[in-house]
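To start, the structure itself, in structure tokens.
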Amino acid sequence: MGALTNGRYLLAAGLLLLVYGTASVISKVATGDAQPDALPSAQGTLPHFIQEPEDAYIVKSNPIKLRCRAAPALQIFFKCNGEWVHQNEHFSQEYKDLNTGLKVREVMINVSRQQVEDFHGPEDYWCLCVAWSHLGTSKSRKATARIAYLRKNFEQDPQGKEVPINGMIVLHCRPPEGVPAAEVEWLKNEELVSSLTDDNIDTRADHNLIINEARLSDSGNYTCLASNIVAKRRSATATVIVFVNGGWSLWTEWSPCNVPCGRGVQKRSRTCTNPAPLNGGAFCEGMSVQKITCNALCPIDGGWDEWSEWTVCGSQCDKQRSRECNSPAPRHRGKTCEGNGEATENCTDGLCTQSMDSSNDVALYSGLGAGVIAVAILVVAVMLYRKNHSEYGVDVIDSSALTGGFQSFNFKTTRQGNPLLLNSSMQPDLTVGRTYSTPLCFQDGADKELFDPLPDIKVKVQSSFMVSLGVAERAEFRAKTVAETFPRDLSRDYCSTVDRRKKGLLTLNGPFSARQEQLRTTGVFGHPGGRLVVPNTGVSLLLPHGAVDENMSWEMYMVINQGEASVQTLEGCEILLGPEVTYGPPGLDLFSPVAITIAHCAEVDAENWNIQLKRKTPDSKWEEMMSVEEESTSCYCLMDSTSCHLLLDQPGSYALVGEPLTQAAVKRLKLAVFGSMEAGSASYSLRVYCVDDTPHAFQGVVAAERTRGGRLLEEPKTLPFRANTFSLQVSIQDVPQFLWSIKPFTTCQEFSFPQVWCSNQQPLHCAFSLERYSPATAQLSCKISVRQVKGHEQILQVYTAVAETEKESVPFFMQTDCTVTSQTGPKAFKIPLSIRQRICATFDTANAKGKDWQLLAQKLHLDRNLGYFAKQRSPSAVILSLWEARHQDTADLDSLASALEEIGKIHSRSSPKDQDEPESDFNHIEASGPRGTGEPARPKAEDSAPEYTG
470 MGALTNGRYL LAAGLLLLVY GTASVISKVA TGDAQPDALP SAQGTLPHFI
520 QEPEDAYIVK SNPIKLRCRA APALQIFFKC NGEWVHQNEH FSQEYKDLNT
570 GLKVREVMIN VSRQQVEDFH GPEDYWCLCV AWSHLGTSKS RKATARIAYL
620 RKNFEQDPQG KEVPINGMIV LHCRPPEGVP AAEVEWLKNE ELVSSLTDDN
670 IDTRADHNLI INEARLSDSG NYTCLASNIV AKRRSATATV IVFVNGGWSL
720 WTEWSPCNVP CGRGVQKRSR TCTNPAPLNG GAFCEGMSVQ KITCNALCPI
770 DGGWDEWSEW TVCGSQCDKQ RSRECNSPAP RHRGKTCEGN GEATENCTDG
820 LCTQSMDSSN DVALYSGLGA GVIAVAILVV AVMLYRKNHS EYGVDVIDSS
870 ALTGGFQSFN FKTTRQGNPL LLNSSMQPDL TVGRTYSTPL CFQDGADKEL
920 FDPLPDIKVK VQSSFMVSLG VAERAEFRAK TVAETFPRDL SRDYCSTVDR
970 RKKGLLTLNG PFSARQEQLR TTGVFGHPGG RLVVPNTGVS LLLPHGAVDE
1020 NMSWEMYMVI NQGEASVQTL EGCEILLGPE VTYGPPGLDL FSPVAITIAH
1070 CAEVDAENWN IQLKRKTPDS KWEEMMSVEE ESTSCYCLMD STSCHLLLDQ
1120 PGSYALVGEP LTQAAVKRLK LAVFGSMEAG SASYSLRVYC VDDTPHAFQG
1170 VVAAERTRGG RLLEEPKTLP FRANTFSLQV SIQDVPQFLW SIKPFTTCQE
1220 FSFPQVWCSN QQPLHCAFSL ERYSPATAQL SCKISVRQVK GHEQILQVYT
1270 AVAETEKESV PFFMQTDCTV TSQTGPKAFK IPLSIRQRIC ATFDTANAKG
1320 KDWQLLAQKL HLDRNLGYFA KQRSPSAVIL SLWEARHQDT ADLDSLASAL
1370 EEIGKIHSRS SPKDQDEPES DFNHIEASGP RGTGEPARPK AEDSAPEYTG
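Using the working numbering, the first residue of the sequence shown is number 470, and each one after it goes up by one.
Right, dumping it as structure tokens:
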């Protein structure tokens, strides 16, 4: 009723005003006060709105103002939501438009937040204006009034992405609900992103950010910014990483053959720099180095043919003969023949002018002169021969030896000197062209008594090294002039001998037949992982934590093959550098590779060795897995000075195989001398062993000597043995001759080069039998010289008691854990599991700060063949497994802690703003228990700091 009453009141007021206004106008016209131009406008115009109310938003509690202006207008009122606004709520003013002369009325009202909130209708709160004039009324447009707001949470936050370079980046953003609707902008690293300045960026109406082709510069932190008249809201930050996968460069040209003559190697390489991997991009797959064998043509020097027959004596009393340089003709930069190709000689000895009757006298004088010269030469030769023989010692052969079918031989013995002197002043001198026959260092068959000499071996020595050896079949090695380049007939003599050695055509000397029993160790492993060890062999297997699925376990084994099958299936000049190792079972399914450590006997040098890892196929043939100098994604091989560490995915049989590339290739030999009294006699036996320098090979010597009751008389020593095709000589020196006697022909014995080089983990030995003159003699002192012709020498000093009751054994191995074969769980690892997991969590994820697993590999000196780590589910875990295998004997975490500390320092220098973060949780490594125990220490207060994720 109140609204109706107000309406009637307003209507009545309007009529009164209209009447009053009309009367006023008439009055003014009558009195002459009206303006001339006002009357026509008022008479023919409805109210016209100069300003209509506009839509408005109420921000917080501030009211909004709605305005109307109309001309000509006698009165203006607001109507909101169908009801008239009370007159008292209007604020109006009136003025005259100077241009038109019409009266302009302006009205304003306030609309509060409470009014809008209290209104409940099918549409928004609205208001309009109604203006009156003499001719009628006019209505304005409706203006809405709404409460403005912006919610806090985004309906969809942008998500971080890792995209390859030139890929498309789409970041989605749905802003919070708001009135009015929020506008969206994008920030990159807190700077505004605009599609107006970059054609590669598209910010669409659906608020998404699209980068058509990703560039490295597009990496960064992106934020969606929503705003309206009420507030601004920021979304969660999305990190975009644009990565680059590595690509191979072009292959370089093949290098020249690394030897000027004979069989060598050519290389070519490429680098993962086209482009280089960036921001966690994949490393290149495949090999970075390729090798092929090459054969450089050796120079052939020219040689003279035989002289032709002398021509008939001519009129000038001379005769001629000639020869050609065709035996052989010089080829491949070889030297031409030295000397003259033609010769001229007086055919009458300068008596051409005498009569032919004196020719008989000339012949007589010539014959006498030649005879005198021959006699003089013979006398000098005999004197030199006698003089040389005066220096010979006990090894001068007796004529009775000829009846035994042996040929004579001669050695110059070492001069007697100070028995404490380790290096004798004179080395044995083998006379060129002479031969000797004697029992050499030997290898008995299964039907022979252990350590008995092998009978009927004949050896011929030329140019100071063995050139023929005959037992089942005679194998000859012809020694020629030693060339300065490699191989010195290695591609022919050495490799052919190796082939025959492997086929059983060449019988080699050694201490005993091959052991048939297997060295085997087993263990049951589950999710915690563990370690398998074959005691005293230098062979172990590490199964990482998490490699076996939870709630599962495997019975794993590791076997060292001690048969000859491996040797017989190798090719060319290849030799075993360590034992053949098998691990299983077949079908083993693991989440990460196992780490196997195998001791080897090579002096590792890429220029001199081609070392390969081979795997045995089901048909017992060897296939190449990788070369240690090349990169591979199927397996990993790390060569240390005495061991190689393998990361393998597939169970099977594996062997480390080496092929010498130059004469400088060296493998290490372990030398040891044992002794024992022969039961029931006055003889004392010295046995000298030459074996590949691996714990497994030396274990065979130890086992044999234990059964025989032998004693180790000197600390074993190492001898570098070069691939120069020269033999190995073992001699006994400085034996007290007034106390001991030694059998003739045994003071110096010799192994041929193929015997030593191709021993393939099988020991070689030779024996010296000494007999004392008096039972009262209880001490023996002498020296054992082991030397390679044109190579290195090692001296073993012997000083021992020889009592028959002496049965004390010398410890051959000093490891305290030599009987431990398997360990499971945390005690098998040096790095505590919690520290290992933190390291993996930190380094497995690439981040903008540049600290990932590649940096970890670099600081641990494992930064080659990174492609293998890149394909692993957790590269850091595999790197740490390899570190564990490499440092299993040192039991020292200092190197790992130092590497992590260095990484932390580098990071702190590059990111000063992060110095308030914990320095590193890796300090827990130094806080562990005693070195090598793997027992974590009691946590400190600072250990509760949040985990470092940089």
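Note that the Cβ used here is the ideal one computed from N, Cα and C, for glycine as well.
Just so you know, these numbers come straight off a predicted model, no measurement behind them.
Residues that residue i bridges to, as DSSP identifies them
i: Y594; result: A614
i: C1235; result: V1157
i: P1189; result: R1137
i: H517; result: A540
i: I545; result: A600
i: K657; result: E660, Y691
i: K529; result: The partner list for K529 (beta bridge, DSSP) is empty, contrary to what the question assumes.
i: W1209; result: R1241
i: N815; result: D787
i: G1421; result: The structure shown does not extend to residue 1421, since the chain spans only 470 to 1419, so no value can be given for it.
i: P633; result: F712
i: K804; result: DSSP output for K804 lists no bridge partner at all.
Proximity winner among the options, relative to residue i (alpha-carbon distances)
i: R739; options: L747, N727, G715; result: G715
i: S1196; options: K1212, R792, P522, E1262; result: E1262
i: Y1026; options: Q1081, T1051, G1015; result: T1051
i: L1001; options: R582, I1067, E1072; result: I1067
i: M1094; options: D1118, V844, K572, D1109; result: D1118
i: L1369; options: R1305, G1336, S1152; result: R1305
i: E754; options: Q1341, E1371, D1358; result: Q1341
i: Q1292; options: N658, L1046, Q1357; result: Q1357
i: A798; options: S530, L1181, R1137, D774; result: D774
Unbroken beta strand (DSSP E) run spanning residue i, endpoints
i: E1174; result: Per DSSP, E1174 belongs to no beta strand (DSSP E); it is in the alpha helix (DSSP H), 1164-1177.
i: C1113; result: 1112-1117
i: L640; result: 638-640
i: W779; result: No beta strand (DSSP E) holds W779; DSSP gives it neither H nor E.
i: K736; result: 731-738
i: L1107; result: 1105-1108
Close beta carbons around residue i, own chain, < 7 Å, minus the five adjacent residues each side
i: H1433; result: For the chain, the structure presents residues 470 to 1419; residue 1433 sits outside this window and is missing.
i: E1019; result: H996
i: L423; result: A question about residue 423 goes unanswered here, because the residues of the chain that appear run from 470 up to 1419.
i: P1189; result: E1072, V1135, R1137, H1261
Span of the alpha helix (DSSP H) around residue i
i: S1421; result: The structure shown does not extend to residue 1421, since the chain is modelled only from 470 to 1419, so the question has no answer here.
i: Q1224; result: 1222-1226
i: R1307; result: 1302-1312
i: V585; result: 582-587
i: K1328; result: 1322-1328
i: L1335; result: 1335-1339
Nonlocal neighbours in the same chain, by C-beta distance under 8 Å from residue i, ignoring five residues either side
i: N892; result: With a pLDDT of 35 at N892, under the threshold of 50, the modelled position of that residue is not reliable, and the figure given next carries that caveat. So the list reads E1262, I1264, once near-sequence residues are dropped.
i: E778; result: R790
i: T565; result: As written in the sequence, residue 565 is Lys, which differs from the Thr given in the question. Closer than 8 Å at Cβ, skipping near neighbours: L571, K572, V573.
Residue i vs residue j beta-carbon contact at 9 Å
i: V709; j: P746; result: no
i: Y1158; j: E1049; result: no
i: F560; j: W553; result: no
i: G771; j: T805; result: yes
i: Q1198; j: V1258; result: yes
i: S1238; j: L1155; result: yes
i: C598; j: I533; result: no
i: I634; j: A705; result: no
i: C1251; j: P1205; result: yes
i: G1007; j: S1112; result: yes
i: S1343; j: S1061; result: yes
i: V1421; j: L1140; result: With the chain represented from 470 up to 1419, any question about residue 1421 goes unanswered, as that position is not in the structure.
i: L1107; j: L1351; result: yes
Cutoff 6 Å; reference residue i; Cβ partners in own chain excluding five residues on either side
i: T950; result: In this prediction, T950 scores a pLDDT of 34, lower than 50, which makes its location untrustworthy; the coordinate-derived value is nonetheless stated afterwards. The answer is none, since no qualifying residue turns up.
i: T1290; result: T990, V1002
i: F1312; result: D1321, W1322, L1325, S1345
i: D524; result: A612, T613
i: S663; result: none
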